[in-house]
Amino acid sequence: MSKLGDRIFQKVLRTFSPILPWREPEILKAYDELVDVLIKQNKSRIFIVMDEGLVQLKLHQPLLDALKNKQLNYRVFSDITANPTTAQVEEGLLAYIIYGGDAIIGFGGGSPMDVAKAIAARVARPRKNLKQLGGLLKVRKKTPLLIAVPTTSGTGSEATVASIVVDERTKHKYAINDPVLIPSYALLVPTLTFKLPKFVTATTGMDALTHAIEAYTNKGGRKFPNEKAINATRLVFENLKVAYDNPSDLEARKNMQLAAYDAGVAFTRNYVGYVHALSHPLSAYYGLAHGYVNALILPFMLEKYGRRIYRKLARLARLSGVVEEGLSNGETAKLFIAKIRALNTYFEIPTTIPEIKEEDIPQLAVYANKEARPLYPTPRIYKTSELEEFYRELKGEILNVETN
Numbered sequence: 246m247s248k249l250g251d252r253i254f255q256k257v258l259r260t261f262s263p264i265l266p267w268r269e270p271e272i273l274k275a276y277d278e279l280v281d282v283l284i285k286q287n288k289s290r291i292f293i294v295m296d297e298g299l300v301q302l303k304l305h306q307p308l309l310d311a312l313k314n315k316q317l318n319y320r321v322f323s324d325i326t327a328n329p330t331t332a333q334v335e336e337g338l339l340a341y342i343i344y345g346g347d348a349i350i351g352f353g354g355g356s357p358m359d360v361a362k363a364i365a366a367r368v369a370r371p372r373k374n375l376k377q378l379g380g381l382l383k384v385r386k387k388t389p390l391l392i393a394v395p396t397t398s399g400t401g402s403e404a405t406v407a408s409i410v411v412d413e414r415t416k417h418k419y420a421i422n423d424p425v426l427i428p429s430y431a432l433l434v435p436t437l438t439f440k441l442p443k444f445v446t447a448t449t450g451m452d453a454l455t456h457a458i459e460a461y462t463n464k465g466g467r468k469f470p471n472e473k474a475i476n477a478t479r480l481v482f483e484n485l486k487v488a489y490d491n492p493s494d495l496e497a498r499k500n501m502q503l504a505a506y507d508a509g510v511a512f513t514r515n516y517v518g519y520v521h522a523l524s525h526p527l528s529a530y531y532g533l534a535h536g537y538v539n540a541l542i543l544p545f546m547l548e549k550y551g552r553r554i555y556r557k558l559a560r561l562a563r564l565s566g567v568v569e570e571g572l573s574n575g576e577t578a579k580l581f582i583a584k585i586r587a588l589n590t591y592f593e594i595p596t597t598i599p600e601i602k603e604e605d606i607p608q609l610a611v612y613a614n615k616e617a618r619p620l621y622p623t624p625r626i627y628k629t630s631e632l633e634e635f636y637r638e639l640k641g642e643i644l645n646v647e648t649n
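In terms of my numbering, the numbers along the sequence shown are unbroken and rise by one, the last being 649.
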């Protein structure tokens, strides 16, 4: 599709977007509230998706206790990894069917929630494989009751339409995007994030910031998601360092959960951009943490957009309180990017990705292009050859080059 074709597609999608069945999850604040929801909806066989690390930490024990207290049956499925694969989803689907589940809880970071959503999509569309469900609005049928319990503050998956999976054969990481995959409920418990490793706190927080900034700077953003993006940006800059330095600071952890949630709502409506398009293939190929790669690419990509985003980026910086009034748009945008780089430095996030292999770059660029076009209404549309050069720059020393 041509660049003009991309823009026409995006304009049509934006025109019809208000009639899509958007919703926000109902926020729960206690395990007993979650159990009450299950009882009221006559759910009695609860399928819990989480990773083995969380099982070992027993972070889910309060949830299990709450279910036991009301004599609700449950089954824990934990055979998943970071950057979950289609095979893991299919294994989870089989376990769900054999168990006879009637509700799904995604408990954890982005990976468990992605798997929970993908299982729900397959239950709704049993005759479609995951590849056939990839893309936009391919599910369109009622899923089992879906509840999210995030244990990190970054992915925002508890509020989004997306499930991200990796085809382990081709290493293609792709999204299933459909409003039916927005969880009906999200249980936000800040104390679940207290024991996160500092690296995870930092990189998931930067992931939330990436969601907010990409959502705000994309073309055609609407007022409501823009407001969510502004609030998320403000909350990240005010609270992420505090949560990083003082892991048990309840207020900072609470605010970071809200930042992740608001950023998730923002990009569900306004989409993400080339940071994510470039990032997903890297995590699929090299097993790199999604938030880590996003954090590294974010300032790089903002500089590549250059003057095309100065006005929006400056407005976001001012409205979120990150940069004070008084500077030009260009000066404000550059200072905002510098502050993002300063956060990365504070969190010891590097400026290069040496894991990138030259022989992989052509296919990485193909996958990045396929993700971005025509769906993402990015400030600028790039050719596959340009994306290849971006990967080469990211592999080596990143230059602070301003792009017109």
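Ideal Cβ positions, reconstructed from N, Cα and C, are used throughout, including at glycine.
Mapping the DSSP letters down to three states, classify His305 as helix, strand or coil. Reading the sequence shown from its first residue, position 60 is the one you call residue 305. Three-state result, His305: coil.
Minimum C-alpha distance to Gly509 - residue among Ala522, His456 and Phe581: Numbered from its first residue, the sequence shown carries residue 509 at position 264. The candidate whose alpha carbon is nearest that of Gly509 is His456.
Buried versus exposed call for Ser630 [16 or more other C-beta atoms within 10 Å across all chains shown]: Translated into positions along the sequence shown, residue 630 becomes position 385. Looking at its Cβ environment, which holds fewer than 16 other Cβ atoms inside 10 Å, Ser630 is exposed.
What does DSSP give as the partner residue(s) for Val394 in the beta ladder? Working through the sequence shown from its first residue, we reach residue 394 at position 149. Its beta-bridge partners are Phe352.
Quick one: grab the DSSP three-state call for Gln255. Counted from its first residue, the sequence shown places residue 255 at position 10. In this structure, Gln255 counts as helix in the three-state DSSP scheme.
Could you check whether the region 594-611 touches the region 492-503, counting it as contact only if at least three pairs of C-beta atoms, one from each stretch, sit closer than 8 Å? no
Using DSSP bridges, identify the partner residues of Thr330. For the purposes of this step, residue 330 is identified with residue 85 of the sequence shown, where counting begins at 1. BP columns for Thr330 point to Val411.
With a threshold of 16 other CB atoms inside 10 Å of the CB of Tyr591, please say whether the residue is buried or exposed. Reading the sequence shown from its first residue, position 346 is the one you call residue 591. When all chains shown are included, Tyr591 counts as exposed.
Going residue by residue through the region 401-445, where are the continuous beta strand (DSSP E) segments of at least 3 residues, counting only ones entirely within it? 407-412, 417-422 and 430-432
By the three-class DSSP mapping on this structure, what secondary structure does Thr629 have? The count along the sequence shown starts at 1 and reaches residue 629 at position 384. Looking at Thr629 - three-state DSSP - the assignment turns out to be helix.
Would DSSP call Tyr319 helix, strand or coil? For the purposes of this step, residue 319 is taken as residue 74 along the sequence shown, with counting starting at 1. Here Tyr319 sits in strand by DSSP.
Chain-order list of residues whose beta-carbon lies under 7 Å from that of Pro435 (same chain, five-residue window excluded): Against the sequence shown, residue 435 aligns to sequence position 190. These residues qualify, in order along the chain: Leu495, Arg498, Lys499 and Gln502.
Measure the CB-CB distance between Ser323 and Val300 and report whether it falls below 7 Å. Position 78 of the sequence shown holds residue 323. Position 55 of the sequence shown holds residue 300. Contact: yes.
Option in Pro526, Leu561 and Ala562 with minimal Cα separation from Lys615: Along the sequence shown, one-based indexing puts residue 615 at 370. When each option's Cα is compared against that of Lys615, the closest is Pro526.
Please determine if the region 310-320 and the region 371-381 are in contact, where contact requires at least 3 C-beta pairs separated by less than 8 Å. Contact check between the region 310-320 and the region 371-381: fewer than three CB pairs, one atom from each, fall below 8 Å, which does not count as touching.
Below 8 Å, how does it come out for the region 570-589 and the region 542-557: are there three or more Cβ pairs, yes or no? The region 570-589 and the region 542-557 touch, with no fewer than 3 CB-CB distances between them shorter than 8 Å.
Within 10 angstroms of its Cβ, does Asp277 collect 16 or more other Cβ (buried), or is it exposed? Indexing the sequence shown from 1 puts residue 277 at position 32. Looking at its Cβ environment, which holds fewer than 16 other Cβ atoms inside 10 Å, Asp277 is exposed.
Any idea what DSSP makes of Gln608, helix, strand or coil? If you number the sequence shown from 1, residue 608 lands on position 363. It is helical.
Strand pairing of Val294, partner residues [DSSP]: Within the sequence shown, numbered from 1, the residue matching residue 294 stands at position 49. Answer is Phe322 and Gly351.
Rounded to a whole number of angstroms, what is the C-alpha to C-alpha distance between Ala366 and Thr577? If you number the sequence shown from 1, residue 366 lands on position 121. If you number the sequence shown from 1, residue 577 lands on position 332. The alpha-carbon atoms of Ala366 and Thr577 are separated by roughly 43 Å.
Determine the extent of the beta strand (DSSP E) in which Leu523 is found, giving its start and end residues. As a first step, residue 523 is located in the sequence shown; it is residue number 278 there, counting from the start. For Leu523, no beta strand (DSSP E) run applies; the uninterrupted alpha helix (DSSP H) run containing it begins and ends at Tyr519 to Tyr531, by DSSP.
By DSSP's criteria, Ile582 is part of a beta bridge. Which residues make up the other side? For this step, residue 582 is matched to residue 337 along the sequence shown. Under DSSP, Ile582 forms no beta bridge with any residue.
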